[in-house]
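Enquirer: Under full-length UniProt numbering, residues 1 to 98 are what the sequence shown spells out, in order.
Backbone N, C-alpha and C define an ideal beta-carbon position, used for all residues, glycine too.
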Amino acid sequence: MSYYNSAIIRTAAKVSFLHISWLVALIGIPIVFFRDGLGPIEKTLLFSGLLLFFWLVYLFFCIAFHRLSMRNEHNRFGYLAKDDTEKGKEVGTHLEGW
């Protein structure tokens with residue numbers, strides 16, 4: 001049985017990107033901005049690369065730990081009762097409280 005379709009993954013990706021982007025921006029912008037020896041384009045590429053990398057890692061771990069939580073029957077039935085948007089938000093914010 002597949003728990004994820006394209007709509008759920010797309011919503012999870014959007015939500016997880018918003019959750020990780022503020023953290024990367026809070027930490028990464030000062031580091032990249034005050035880095036000597038890099039031009040503005042290099043700083044932008046460095047920040048964008050770090051943001052993309054950390055977002056993909058965060059999304060992977062959200063999906064992986066959500067899959068592990070589906071082993072519990074109560075969690076599985078609660079998840080399957082939701083619509084696709086709510087499912088995507090649940091998957092994308094699964095690590096929020098950790």
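Leaving out the 5 sequence neighbours to the left and right, which residues in its chain are closer than 8 Å to residue 75 when beta-carbon positions are compared?
Expert: Stepping through the sequence shown from its first residue, residue 75 is reached at position 75. These residues qualify, in order along the chain: 69.
Enquirer: Rounded to whole angstroms, what's the CA-CA distance from residue 92 to residue 34? Just pull it up for me.
Expert: The count along the sequence shown starts at 1 and reaches residue 92 at position 92. The count along the sequence shown starts at 1 and reaches residue 34 at position 34. Going by the C-alpha atoms only, they are around 32 Å apart.
Enquirer: In the DSSP assignment, the alpha helix (DSSP H) including residue 34 goes from what residue to what residue?
Expert: Working through the sequence shown from its first residue, we reach residue 34 at position 34. Premise fails: residue 34 is in no alpha helix (DSSP H) and is neither H nor E.
Enquirer: Leaving out five residues on either side along the sequence, give the residues of the same chain with a beta carbon under 6 Å from the beta carbon of residue 96.
Expert: Numbered from 1 along the sequence shown, position 96 holds the residue referred to as residue 96. Once the five neighbours on either side are set aside, residue 96 has no close Cβ partner at all.
Enquirer: Which runs of the alpha helix (DSSP H) spanning at least 4 residues fall entirely within the region 2-84, listed in chain order?
Expert: With a minimum length of 4 residues, the continuous alpha helix (DSSP H) runs that stay inside the region 2-84 are 6-33, 40-69, 73-80.
Enquirer: Measure the beta-carbon distance from residue 87 to residue 79 and round it to whole angstroms, keeping in mind my assumption that it falls under 8 Å.
Expert: Translated into positions along the sequence shown, residue 87 becomes position 87. Translated into positions along the sequence shown, residue 79 becomes position 79. That belief holds up - the Cβ atoms of residue 87 and residue 79 are roughly 6 Å apart, short of 8 Å.
Enquirer: Can you name, in chain order, every residue of its own chain whose Cβ lies under 7 Å from the Cβ of residue 15, other than the five neighbours on each side?
Expert: Reading the sequence shown from its first residue, position 15 is the one you call residue 15. Correct list, in chain order: 88, 89, 92, 93.
Enquirer: DSSP on residue 90, reduced to helix/strand/coil?
Expert: Within the sequence shown, numbered from 1, the residue matching residue 90 stands at position 90. Correct three-state label for residue 90: helix.
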